[in-house]
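Number of protein chains: 2
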Amino acid sequence: MGIKERKEKHKENLRQSILDAAKKLFLSEGYDATSIRKIAAEIEFSPTTIYLYYKDKAEIAHALHVEGFKLLATQFGVLQFVKDPFERLKAMGEIYLRFALENSDFYELMFVLKEPIAHLKGSCVYENWEEGEQAFQALLYNVSACQQAGYFKNLDTTAVSMIAWSTLHGLCTLKLHGHIDHMSSHEPSLQQMEDIVKQSYNTFMVMLERIK
Amino acid sequence: MGIKERKEKHKENLRQSILDAAKKLFLSEGYDATSIRKIAAEIEFSPTTIYLYYKDKAEIAHALHVEGFKLLATQFGVLQFVKDPFERLKAMGEIYLRFALENSDFYELMFVLKEPIAHLKGSCVYENWEEGEQAFQALLYNVSACQQAGYFKNLDTTAVSMIAWSTLHGLCTLKLHGHIDHMSSHEPSLQQMEDIVKQSYNTFMVMLERIK
DNA sequence: TTGCATAAGTTAACAGTGTTAACTATATTT
DNA sequence: AAATATAGTTAACACTGTTAACTTATGCAA
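Top line first, the protein sequences correspond to chains X and L.
The numbers in the first sequence follow the working numbering, run straight up by one, and end at 221.
The numbers in the second sequence follow the working numbering, run straight up by one, and end at 221.
Written as structure tokens, this is what we have:
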């Protein structure tokens, strides 16, 4: 029947369909609600079959984590058209922010959860965090370009990059984990801001621009 | 009525010893490994007894979360002796950073996990996040004092405070979740830094100081 | 064709988790 | 003494990740 045919097709690339099922569940119900058993039910195989294709749940998490970085990389793609270094850095931050807020589950997997990258250390040949490094190198490049254009004088490129990343990451996670919302509901100065994240980001950019 | 009072006290005692047991487990084994059943075993009561004193696990998490904020508040205490506003802001950041790195489990509970503050919304009279607010108000006060001393001119106090908090929070979480370490092991520019967090923080302070 | 090894997938189980309904034993009140 | 309220327990539900042991199907050499 139709189901059997579909099953046959799945068998051809079971590893991929496990990942697809995981992704589907993960995007619709979040990471915690994505259990091995639910993935198995989705592809209509027994839970133990998953372990024939992935070492454990962390390995699936890592595979999704890689997908997330691919998605972010494509969104960073437009940056090549922004010629002015500072404008490019600004745009990079905006893309990062939007990515985090619009793909919060992916963001969690990429920059919050320990599992996907802890998995690296456990397995393989002491593999490093390739995805994160690439993104950071792009940031380093942009910060460096800004410095050549006269920004961030006498400041360490790496340290400035770390700060830029940290600020954005902090803003994203405080928002995503509900801390900003919980505070804005009662703190008057925050209540007045209509978009705290966006306004804070803009202020940060003004701060960066005004470093003498 | 003496008997009733003693009973009340016993009830209070048990509620407190549940919290103590939870804290002990949580500090030695982390949040995830602190299960209701383990807490029960620690105080030598059955797991269900816990539910006579706390609504659910999130309520225990919230109680510990409050303890964490008390601890942070005492560490902030020394700030009153720092008269210069900018130096005080600097010291505040250093205390925050040290607190996060030395009490990573508490930090997770206070600023990362959703459970303890999501619990607020679920129960009570739409209670707000008192602890977080108080800490933020202290930050607002210090940023405002800096502005009166000529720093951060023409910048919104709340936005600057949000950025300061975000930057510190970002730095802390990237470190605590292993993202910095995973990157520093292969990225050359990071390898050269002996203490990435500390050096980045210092750079951030220089950046703030140099805003024209 | 028979016999067998390998691969692929399944069943059943282990050791946990948070949480709840229903029960018991004890102490207090009527 | 009987009724009631309190405190705590047992047993269960519905989950979780993960593993050992089993079955079934396939391809290949004798």
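C-beta: ideal position from N, C-alpha, C; glycine also.
- Query: Short check: CB of leucine 122 (chain X) to CB of isoleucine 69 (chain X), under 8 angstroms?
  - Reply: no
- May I ask which residues mark the beginning and end of the alpha helix (DSSP H) holding leucine 122 (chain X)? Careful: leucine 122 (chain X) lies outside any alpha helix (DSSP H) and carries neither H nor E.
- When the Cα of isoleucine 189 (chain X) is compared with those of L:Ala127, L:Leu217, L:Leu61 and L:Val215, which residue comes out closest? L:Ala127
- Query: Helix, strand or coil: which one does DSSP assign to glutamate 14 (chain L)?
  - Reply: In this prediction, glutamate 14 (chain L) has a pLDDT of 46, which is less than 50 and means its spatial position is unreliable; what the coordinates show is noted afterwards. Correct three-state label for glutamate 14 (chain L): helix.
- Query: How should asparagine 151 (chain X) be labelled, buried or exposed, when 16 other C-beta atoms within 10 angstroms of its C-beta is the threshold for buried?
  - Reply: buried
- Would you say arginine 46 (chain X) faces chain L, with C-beta separation under 8 angstroms as the test? no
- Please work out which residues of its chain come closer than 8 angstroms, Cβ to Cβ, to glutamine 143 (chain X), disregarding the five sequence neighbours upstream and downstream, and give them in chain order. Phe78 and Ala82
- Query: In the DSSP assignment, what are the bridge partners of leucine 220 (chain X)?
  - Reply: Per the sequence shown, residue 220 (chain X) should be read as isoleucine rather than leucine. Partner(s): L:Ile220.
- From this set, L:Gly187, L:Ser175, L:Glu196 and L:His195, which residue's C-alpha is nearest histidine 186 (chain X)'s C-alpha? L:Ser175
- Message: What ranges does the alpha helix (DSSP H) occupy inside the segment 80-162 of chain X, keeping only unbroken runs of at least 4 residues that lie completely in it?
- Response: 94-111, 113-116, 124-131 and 139-157
- Message: Would you say histidine 188 (chain X) lies against chain L (beta-carbon separation less than 8 angstroms)?
- Response: yes
- Message: For the pair the segment 159-176 of chain L and the segment 202-214 of chain X, tell me if three or more CB-CB distances fall below 8 angstroms.
- Response: yes
- Rounded to whole angstroms, what's the CA-CA distance from isoleucine 45 (chain L) to alanine 109 (chain L)? Just pull it up for me. 25 angstroms
- Task: Answer yes or no: do leucine 177 (chain X) and leucine 106 (chain X) have a C-beta to C-beta separation smaller than 8 angstroms?
- Result: yes
- Task: Can you give me the start and stop residues for the alpha helix (DSSP H) that serine 55 (chain X) sits inside?
- Result: Looking at the DSSP string, serine 55 (chain X) is not in any alpha helix (DSSP H), and its letter there is neither H nor E.
- Query: Which class does threonine 43 (chain L) belong to by DSSP, given the choice of helix, strand or coil?
  - Reply: coil
- 8 angstroms Cβ cut-off: residues of chain L touching lysine 221 (chain X): Arg219, Ile220 and Lys221
- Message: Does methionine 202 (chain X) come out as helix, strand or coil in the three-state DSSP assignment?
- Response: coil
- Item | Buried versus exposed call for methionine 42 (chain X) [16 or more other C-beta atoms within 10 Å across all chains shown] | Per the sequence presented here, residue 42 (chain X) reads as alanine, with methionine not at that position. Answer is exposed; the Cβ neighbour count stays below 16.
- Item | Element boundaries [alpha helix (DSSP H), containing glutamate 38 (chain X)] | 23-38
- So, helix, strand or coil for glutamate 68 (chain X), using DSSP? helix
- Query: Do tyrosine 40 (chain L) and phenylalanine 95 (chain L) come within 8 angstroms of each other at the CB atom, strictly closer than that value?
  - Reply: no
- Item | Minimum Cβ-Cβ distance from leucine 148 (chain L) to chain X less than 8 angstroms | no
- Item | CB-CB length for methionine 216 (chain X) against isoleucine 220 (chain L), believed under 8 angstroms | 6 angstroms
- Can you grab the Cα-Cα spacing for the pair valine 134 (chain L) / alanine 158 (chain L), in whole Å? Residue placement at valine 134 (chain L) is poorly supported in this model, since its pLDDT is 47, which falls under 50; the coordinates still yield a value, given next. Distance between the alpha carbons of valine 134 (chain L) and alanine 158 (chain L) is about 40 angstroms.
- Compare the Cα-Cα distances from glutamine 25 (chain L) to each of L:Gly86, L:Trp138 and L:Tyr62 and report the closest residue. L:Tyr62
- Just tell me which of L:Asp93, L:Ala72 and L:Leu23 has its CA closest to the CA of glutamate 51 (chain L). L:Leu23
- Query: Since isoleucine 254 (chain X) meets chain L, which of its residues come closer than 9 angstroms, beta carbon to beta carbon?
  - Reply: Only positions 10 to 221 of chain X appear in this structure, which leaves residue 254 (chain X) out of reach.
- Test item: CB-CB of valine 75 (chain X) and glutamate 140 (chain X) under 8 angstroms: yes
- Item | Contact under 8 angstroms by Cβ, serine 198 (chain L) with leucine 149 (chain X) | yes
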